[in-house]
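Asks:
In my numbering, the protein residues as written are 45 to 273.
Put into structure tokens, the structure is as follows:
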């Protein structure tokens, strides 16, 4: 299983590093059954995160032909109050530090990323995963209509407004779309991906190595609907 983790200007570093380390460790624990790399829509380059200018280097270009899975992080920046960010600013202008998160996410729509993500979403052999606001990147590109997904709790209304079925859960498994909620859910997402794709023994070994226990129940659209509690 080859996984490409997508970087874009203003990305949240923990959204990237947490699943990267988990998945890399899973590859080591499975004799290379999992490989992972950092990519961008533009190709190899230094990419500046939205957290203090921390920079990571993408090794190559996002290529759905080479990937079994794509993982999209969210952005790091100012949250802002409802109505504080004018709609005309979303996705406009050049990147700068400490921008509003909706602006950072919206700017991805001006790159080749939406078209590449659509190719991946249209391919039944590719799984797309997201952490935090990564699901909003897909939703803003019109790729999540009718799909079950989650995001950071502050973005659930926005996710729902795009036509997705927003679920208040830490991890949501919607088949070839797997989404994580807040920033630290990247650890849980990585462990769940290892369990689902490689097996629980490898996932458990990495869980022990990281001294981290996955939280919550993975939500799926299965079983009877719960009655009021």
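Using N, Cα and C, we set each Cβ at its ideal position, and we do this for glycine too.
(1) What are the partner residues of residue 67, as DSSP defines its beta bridges?
(2) So, are the CB atoms of residue 203 and residue 158 less than 9 Å apart?
(3) From residue 223 to residue 194, what does the alpha carbon distance come to, in whole angstroms?
(4) From which residue to which residue does the beta strand (DSSP E) around residue 45 run?
(5) Could you check whether residue 184 and residue 206 sit closer than 9 Å to each other, using their CB atoms as the reference points?
(6) Is DSSP giving residue 62 helix, strand or coil here?
(7) Assuming the contact rule is C-beta atoms closer than 8 Å, residue 95 and residue 57 should be a hit. Round their C-beta distance to whole Å, please.
(8) In the DSSP assignment, find the unbroken alpha helix (DSSP H) run with residue 150 in it and report its ends.
(9) For a quick check, are the C-beta atoms of residue 144 and residue 91 less than 9 Å apart?
(10) Assign residue 169 to buried or exposed, taking buried as 16 or more other Cβ atoms, counted over all protein chains shown, within 10 Å of its Cβ.
(11) Give me the DSSP bridge partner(s) of residue 215.
Replies: Working from what's here:
(1) Reading the chain shown from its first residue, position 23 is the one you call residue 67. Bridge partners of residue 67: none, in fact.
(2) Mapped onto the chain shown, residue 203 falls at position 159. Mapped onto the chain shown, residue 158 falls at position 114. Cβ distance not < 9 Å, so residue 203 and residue 158 don't count as in contact.
(3) Position 179 of the chain shown holds residue 223. Position 150 of the chain shown holds residue 194. Approximately 6 Å between the Cα atoms of the pair.
(4) Reading the chain shown from its first residue, position 1 is the one you call residue 45. No beta strand (DSSP E) holds residue 45; DSSP gives it neither H nor E.
(5) Here the question's residue 206 lines up with position 162 in the chain shown. Here the question's residue 184 lines up with position 140 in the chain shown. It is a contact, given that the beta carbons lie within the stated cut-off.
(6) For this step, residue 62 is matched to residue 18 along the chain shown. Here residue 62 sits in helix by DSSP.
(7) The residue given as residue 95 occupies position 51 in the chain shown. The residue given as residue 57 occupies position 13 in the chain shown. That belief holds up - the Cβ atoms of residue 95 and residue 57 are roughly 5 Å apart, short of 8 Å.
(8) In the chain shown, counting from the first residue as 1, residue 150 sits at position 106. Element bounds for residue 150: 145-151.
(9) Residue numbering aside, residue 144 sits at position 100 when the chain shown is read from its first letter. Residue numbering aside, residue 91 sits at position 47 when the chain shown is read from its first letter. No, they are not a contact pair.
(10) Within the chain shown, the letter at position 125 stands for residue 169. Flag for residue 169 reads exposed.
(11) As a first step, residue 215 is located in the chain shown; it is residue number 171 there, counting from the start. Bridge partners of residue 215: 224.
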